[in-house]
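Enquirer: Protein chains in written order, with the working numbering: chain A, 2 to 310; chain B, 2 to 310; chain C, 2 to 310; chain D, 2 to 310. Glycine included, each C-beta is placed from N, C-alpha and C at the ideal position. The structure presented is a predicted model; accordingly, all values stated were derived computationally and were not measured. Pasting in a structure now, in structure tokens, and then I'll have a few things to ask.
There are 4 protein chains.
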Amino acid sequence: MSATSSHTGTNWGRFGADDERGMLNLLTPEVVLQATRVPKTGKVYSLALPIQRAGVPYFDYRGAPTRLPLAHQSDPGQFVAYGAPEHVGANEDVLIMASHNETHMDALSHVFSERTMYNGVPAETVSAQAGATKLGIEKVGWIVGRAVLLDMVRFYGADQRLEGAAAIGSDDLEACARLQGVEVRDRDILLVRTGWIDCFLAQDVHGPADFAMADYAQPGLSTDAARFMDDHDITAIGADNSAVEVLGRPEDVFLGGHVELLVKRGIHLVEHLMLKEMADDECYECLFVVAPLPVVGAAGSPVNPIAIG
Amino acid sequence: MSATSSHTGTNWGRFGADDERGMLNLLTPEVVLQATRVPKTGKVYSLALPIQRAGVPYFDYRGAPTRLPLAHQSDPGQFVAYGAPEHVGANEDVLIMASHNETHMDALSHVFSERTMYNGVPAETVSAQAGATKLGIEKVGWIVGRAVLLDMVRFYGADQRLEGAAAIGSDDLEACARLQGVEVRDRDILLVRTGWIDCFLAQDVHGPADFAMADYAQPGLSTDAARFMDDHDITAIGADNSAVEVLGRPEDVFLGGHVELLVKRGIHLVEHLMLKEMADDECYECLFVVAPLPVVGAAGSPVNPIAIG
Amino acid sequence: MSATSSHTGTNWGRFGADDERGMLNLLTPEVVLQATRVPKTGKVYSLALPIQRAGVPYFDYRGAPTRLPLAHQSDPGQFVAYGAPEHVGANEDVLIMASHNETHMDALSHVFSERTMYNGVPAETVSAQAGATKLGIEKVGWIVGRAVLLDMVRFYGADQRLEGAAAIGSDDLEACARLQGVEVRDRDILLVRTGWIDCFLAQDVHGPADFAMADYAQPGLSTDAARFMDDHDITAIGADNSAVEVLGRPEDVFLGGHVELLVKRGIHLVEHLMLKEMADDECYECLFVVAPLPVVGAAGSPVNPIAIG
Amino acid sequence: MSATSSHTGTNWGRFGADDERGMLNLLTPEVVLQATRVPKTGKVYSLALPIQRAGVPYFDYRGAPTRLPLAHQSDPGQFVAYGAPEHVGANEDVLIMASHNETHMDALSHVFSERTMYNGVPAETVSAQAGATKLGIEKVGWIVGRAVLLDMVRFYGADQRLEGAAAIGSDDLEACARLQGVEVRDRDILLVRTGWIDCFLAQDVHGPADFAMADYAQPGLSTDAARFMDDHDITAIGADNSAVEVLGRPEDVFLGGHVELLVKRGIHLVEHLMLKEMADDECYECLFVVAPLPVVGAAGSPVNPIAIG
């Protein structure tokens with residue numbers, strides 16, 4: 002239990018009336034320095050999905066990520082005008098990507114409730130033309146800290162992944178940590194493995210065609226899991242599903258988990274992580290680094306999160 | 002001097018005939034683990050430029066980076082169909098970005114000479130539709146290691162930045178390291194500060210209007226600096242200018258530095274870094290993390306490099 | 002004077018409470034059929050600017066139009082999987098364009114005043130995600146009618162173009178028609194030539210670098226010109242400047258011309274037309290065809306207007 | 002039969018060694034002028050599909066067309082800096098579209114055979130960066146002429162559409178024209194209705210999910226239909242399917258119809274036309290106008306073809 006968690010379930014005002022970074026404020030130099038001492042093997046995990054048109058999860062309205070050539074090796078004499086010989090040239094691309102497909106990070110401007118975002122910032126501060134004038138992804142800068150991986154697939158003894166709309170609560174998280182023998186410390190980053198993305202990639206559960214909002218279901222955190230975050234002052238959460246929270250349960254309010262975590266608590270979320278290799282290695286604690294692109298005003302960013310075991 | 006640098010100036014074949022990662026192969030778990038022990042203060046530096054239309058350097062043919070709203074707080078009843086109340090909603094964006102504007106990383110497929118890329122891979126393996134079938138940015142995964150910052154602005158006693166086409170050679174780099182009292186170790190990552198980007202941002206040297214290929218000049222590494230890389234088995238290079246190498250000297254072959262470093266040696270390059278704060282802090286060694294977006298087939302990626310001092 | 006212009010300066014309600022096409026309603030089959038008999042020479046004019054990055058006018062915040070290859074002749078064996086021989090292939094592109102750069106047409110959803118668009122439609126009916134749910138460009142379908150070209154450059158005896166912020170009123174338009182000996186008929190389309198774009202393209206007045214909102218000035222229609230539209234039931238207006246209306250006069254309300262024409266009268270506007278060749282030919286009446294792309298919800302579309310002399 | 006068709010099945014050289022417009026050269030002012038006298042009712046048909054993400058045909062690798070807001074009514078005080086009141090504002094968009102989805106027109110640079118395009122232009126003249134340096138869509142300018150609609154659905158007595166891979170040859174076209182009582186004249190534009198797109202839109206045959214290259218089949222012209230084009234000097238062809246030519250017959254060479262028509266004959270193709278309303282009206286001849294966007298170097302353009310009956 003965090004010594005500082007006297008707040009009543011939200012962190013609005015906790016870091017000042019003008020704060021735009023939420024729980025990331027707790028990743029102080031001391032906390033970061035301690036986290037750099039966590040690695041034991043030096044093995045590095047890149048937790049991002051490949052970014053390509055096919056074979057990866059995306060919601061249709063966001064469009065598939067697109068790479069198009071801007072400069073290409075077949076272009077004749079690219080740099081002859083600059084004195085370079087004909088046989089020297091370059092390739093470059095243009096990338097078109099939704100901010101919330103693929104492996105990505107939500108800015109605190111991503112979701113609002115009662116038309117209010119984290120720390121009481123009105124939804125209206127996000128304009129279409131300028132984007133988020135507060136709480137944009139460029140306010141993050143970085144996430145660096147100790148992360149704990151809780152492999153709920155192994156915990157439940159599931160075959161590959163949790164069932165469609167399986168909900169993970171605080172007690173499950175605590176029990177999983179105990180089973181794994183990993184201590185959850187104040188200001189840790191939490192990584193939750195449900196197996197969902199591994200099954201997506203293996204195509205035995207979902208294909209792109211049925212990845213529709215209407216009938217999808219994904220395992221994930223219940224709103225009860227917010228208690229776990231409060232007890233440990235969790236600074237950020239990553240998961241291998243589309244929304245961190247469980248999706249598709251009739252009893253849930255849509256986006257309820259985002260409201261509890263992102264809006265009320267200022268906890269940044271990282272989604273569509275690939276956690277299988279870490280889980281296979283039983284690498285349950287790591288130095289974790291997420292570096293979102295500082296797109297001014299954006300509500301999120303594709304990221305390539307790095308874990309060092 | 003590296004005990005393993007018996008090669009004759011290139012690293013083709015050094016890591017196997019099929020290698021696509023070049024000098025990054027030397028960032029073994031042992032090297033990474035040692036690098037995690039480098040931080041002394043825990044202060045984290047995000048070295049990326051803000052990504053926005055105005056006030057940042059970009060070549061006109063690449064276009065300015067663009068953020069456009071995909072879902073917006075003003076959209077009425079976004080999730081009412083899913084049972085959410087009207088007052089709950091989300092913001093999302095679409096990002097359109099060149100791979101080599103802003104702070105970015107070159108893939109080994111970025112440049113070729115004699116129509117050949119690193120490790121003898123033919124330029125023709127990069128197709129327009131599929132992109133780089135070899136040496137694409139998705140082969141990188143990550144850069145994690147100890148980085149040394151050489152602040153050439155301070156070394157030369159320059160006011161803010163080096164002159165237009167000032168060239169930095171191996172002896173300069175060695176002397177700067179000595180002056181700073183920082184040891185350059187085998188397999189280090191090299192960060193070079195020329196002051197160029199700070200002056201760009203302050204608008205006292207270049208404005209977007211005159212950032213044209215025809216008459217631009219930037220300080221940077223001369224091809225002689227490749228000797229420094231060989232002597233220390235430098236695994237990657239970052240700089241605060243547009244091309245790591247010096248630009249605009251009549252005696253240079255255009256892209257000659259890329260050919261020496263990227264093509265011959267398989268050394269990845271990271272450009273448009275913001276290094277002023279590290280330099281001001283005299284933070285000359287750090288744990289350095291770069292996590293390019295794994296865009297399949299891309300010749301580069303925007304990145305947000307992280308240094309932990 | 003139009004026999005039907007008993008309205009008091011606006012056309013709201015004139016075509017029904019639910020109308021979304023404004024004055025285009027007057028282009029009935031009879032009017033169209035008469036217009037098809039206008040051509041005398043059969044010479045066809047394409048009035049669109051080339052769409053390319055350089056040398057064309059665009060506002061910086063809209064970005065330059067971009068063409069990127071999607072399929073390219075250098076791609077190896079493009080259709081071998083479909084049984085085609087290796088030597089057969091295709092080129093295709095992706096186009097990224099602002100709706101209001103280049104030669105384009107404004108939808109009635111483009112501008113609002115008192116937060117209301119044409120026919121009393123509230124501005125709020127345009128959502129970010131769905132676009133214009135009313136008055137979108139897809140409601141246009143087509144403009145086909147008789148157009149009259151008024152060459153104000155010749156009328157004023159100007160050398161190439163009218164001065165910076167020269168304002169054209171109703172009397173000027175009437176006088177110019179008389180001078181040209183061309184009759185303006187009810188339900189005509191009006192084309193106005195100021196010479197602005199010709200000078201832009203010749204770079205002797207504006208270059209892209211100074212095409213900034215702060216200090217620009219363009220010749221065009223004054224709000225007084227609306228009287229001319231009422232008197233003749235003008236169904237659409239095209240001009241060779243950026244906004245049809247005069248820009249840069251201190252005494253004008255910004256977008257005042259759009260409010261008079263587009264918002265109050267439901268007159269569609271076509272901008273950045275190239276009218277010099279028609280003017281040189283003294284082709285003052287034509288069959289005029291504009292076919293905007295029916296992008297659902299868009300506030301405008303790039304177009305290639307066609308005049309048949 | 003055309004008096005001028007002494008050529009041997011191709012039109013290379015027919016309009017000069019440097020020609021880039023192919024059969025459109027035959028649309029002389031005289032031909033255009035005659036075509037303007039064709040309309041009998043003045044009814045105007047917009048033949049383009051709506052451009053939107055859902056419910057329209059597109060090949061997945063091209064991505065769905067995308068409209069994103071660039072300026073939006075919810076942006077606060079858009080033009081206050083220019084002196085406009087707060088209640089005045091504008092909506093604008095950015096459009097991202099493949100050149101060959103939706104209703105579109107092929108440039109002569111779209112397809113090559115024996116690595117050669119129309120008029121002997123080498124495929125290599127299309128660079129990735131500059132696009133088509135010859136035969137690009139901007140060379141078209143316009144198509145204006147008399148078009149004849151042949152409704153093959155009615156001709157065959159089919160219910161809604163022709164069968165999957167039904168092939169239409171020259172004799173079928175001639176017989177259909179006779180049945181319809183419409184004369185095909187030299188230099189006409191040919192419009193062919195197969196019913197394919199109507200069935201696509203009605204979703205009773207194809208949905209986006211099964212619009213895959215592997216198993217698709219579409220009715221269309223056989224290569225034998227080229228004879229009809231030669232006999233009548235057909236200047237352009239439009240159809241309501243994806244490629245004008247029949248798709249999915251084992252005996253055909255992939256893109257064989259494009260090679261015969263576009264490459265050998267320089268006949269521009271317009272695809273994904275909506276022809277049902279014209280057919281229902283038995284409007285078998287019209288004044289036909291296609292105005293592609295003059296995107297410099299592009300291999301095609303989305304279009305909104307206009308027919309005036």
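#1: Determine the extent of the alpha helix (DSSP H) in which PHE201 of chain B is found, giving its start and end residues.
#2: Pull up the distance between the alpha-carbon of GLN79 of chain D and that of VAL254 of chain C, whole angstroms please.
#3: Report yes or no: do the region 79-94 of chain A and the region 107-124 of chain A share at least 3 C-beta pairs separated by less than 8 Å?
#4: Span of the beta strand (DSSP E) holding LEU180 of chain B?
#5: Pull up the distance between the alpha-carbon of MET24 of chain A and that of ASP231 of chain A, whole angstroms please.
#6: Among C:ALA280, C:GLU283, C:TYR285, C:LEU274, which residue has its Cα nearest to the Cα of ASP107 of chain C?
#7: For HIS269 of chain B, which residues in chain C fall below 9 Å Cβ to Cβ?
#8: When DSSP labels each residue in this structure, what does MET275 of chain B get in the three-state scheme?
#9: Starting from HIS233 of chain D, follow the alpha helix (DSSP H) in both directions and report where the run begins and ends.
#10: Measuring alpha carbon to alpha carbon, tell me which residue in C:THR29, C:GLY43, C:GLY17, C:VAL32 is nearest ASP282 of chain C.
#11: Nearest to LEU150 of chain C by CA position, among C:ALA166, C:ALA131, C:LEU174, is which residue?
#12: From what residue to what residue does the beta strand (DSSP E) around PRO70 of chain A run?
#13: Only counting the same chain, and skipping five residues up and downstream in sequence, which positions put a Cβ closer than 6 Å to that of GLU261 of chain C?
#14: Hey, does PRO293 of chain C have any beta-carbon neighbour from chain D nearer than 8 Å?
#15: Which word fits GLN219 of chain A, buried or exposed, when buried means at least 16 other C-beta atoms lie within 10 angstroms of its C-beta?
#16: Checking contacts by CB at 8 Å: is ALA129 of chain B closer than that to chain D?
#17: In its own chain, which residues sit with a C-beta less than 6 Å from the C-beta of LEU34 of chain B, not counting the 5 before and 5 after it?
#18: Quick check on DSSP: helix, strand or coil for PHE113 of chain B?
#19: For the pair the region 189-202 of chain A and the region 232-242 of chain A, tell me if three or more CB-CB distances fall below 8 Å.
#20: Mind checking the region 52-68 of chain D against chain A and listing, in chain order, the residues whose C-beta falls within less than 9 Å of any C-beta there?
#21: Establish whether the CB of HIS1 of chain C and some CB of chain B are separated by less than 8 Å.
#22: Would you tell me roughly how many angstroms separate the C-alpha atoms of THR126 of chain D and VAL304 of chain D, rounded to the nearest one?
#23: Quick check on GLU21 of chain D: buried or exposed, where buried means 16 or more other Cβ atoms within 10 Å of its Cβ?
#24: Output, in chain order, the set of chain C residues within a Cβ distance shorter than 7 Å of PRO123 of chain A.
#25: I believe GLY311 of chain B touches CYS287 of chain B by the beta-carbon criterion, under 8 Å. Please report the beta-carbon distance rounded to the nearest angstrom.
#26: Residues of the region 295-307 of chain B in Cβ contact with chain A at a cutoff of 9 Å, in chain order, please.
#27: Going by DSSP, what residues sit across from ASP152 of chain C in a beta bridge?
#28: With DSSP collapsed to three states, give me the class of ALA237 of chain A.
#29: Can you tell me whether DSSP reads ARG54 of chain C as helix, strand or coil?
#30: Alpha carbons only, please: which of A:GLY165, A:SER128, A:ALA168, A:MET118 is nearest the one belonging to THR11 of chain A?
#31: Using a 10 Å radius around the Cβ and a threshold of 16 neighbouring Cβ atoms, would you call ARG179 of chain C buried or exposed?
#32: Helix, strand or coil for MET214 of chain C per DSSP?
#33: I want to verify the contact list: residues of chain B whose CB lies under 7 Å from the CB of PRO70 of chain D, in sequence order.
#34: For ALA213 of chain C, decide whether its Cβ has a neighbour in chain D, counting only Cβ atoms nearer than 8 Å.
#35: Return the Cβ separation of MET98 of chain B and LEU222 of chain A in integer angstroms, given the expectation that the two are a contact with Cβ distance under 8 Å.
#36: Which residues, taken in chain order from the region 79-103 of chain D, show a beta carbon closer than 7 Å to some beta carbon of chain C?
Expert: If we stick to the structure as given:
#1: 197-203
#2: 14 Å
#3: no
#4: Note, LEU180 of chain B: premise wrong, no beta strand (DSSP E); alpha helix (DSSP H) at 171-181.
#5: 11 Å
#6: C:LEU274
#7: What HIS269 of chain B touches in chain C: nothing, since even the nearest Cβ is about 25 Å away.
#8: coil
#9: 227-233
#10: C:GLY43
#11: C:LEU174
#12: 67-72
#13: THR224, ALA227
#14: yes
#15: buried
#16: yes
#17: none
#18: strand
#19: yes
#20: ARG54, ALA55, ASP61, TYR62, GLY64, ALA65, THR67
#21: This structure cannot speak to residue 1 of chain C, because chain C is shown only from 2 to 310.
#22: 25 Å
#23: buried
#24: Near PRO123 of chain A there are no residues of chain C at all, since even the closest Cβ is about 17 Å away, more than 7 Å.
#25: The structure shown does not extend to residue 311 of chain B, since chain B is modelled only from 2 to 310, so the question has no answer here.
#26: PRO295, VAL296, VAL297, GLY298, ALA299, ALA300, GLY301, SER302, PRO303, VAL304, ASN305, PRO306, ILE307
#27: C:ARG194
#28: strand
#29: coil
#30: A:MET118
#31: exposed
#32: Below a pLDDT of 50, predicted positions are generally treated as unreliable, and MET214 of chain C, at 42, falls in that range; no measurement from the model is reported.
#33: LEU69, PRO70
#34: Confidence at ALA213 of chain C is low in this model, with a pLDDT of 43, below 50, so its placement is unreliable and the value that follows should be read with caution. Answer no: the Cβ-Cβ gap between ALA213 of chain C and chain D never drops below 8 Å.
#35: Not quite, the Cβ-Cβ distance comes to about 32 Å (not below 8 Å), so this is no contact.
#36: PHE80, TYR83, GLY84, ALA85, HIS88, VAL89, GLY90, ALA91, ASN92, GLU93, ASP94, VAL95, LEU96, ILE97, MET98, ALA99, SER100, HIS101
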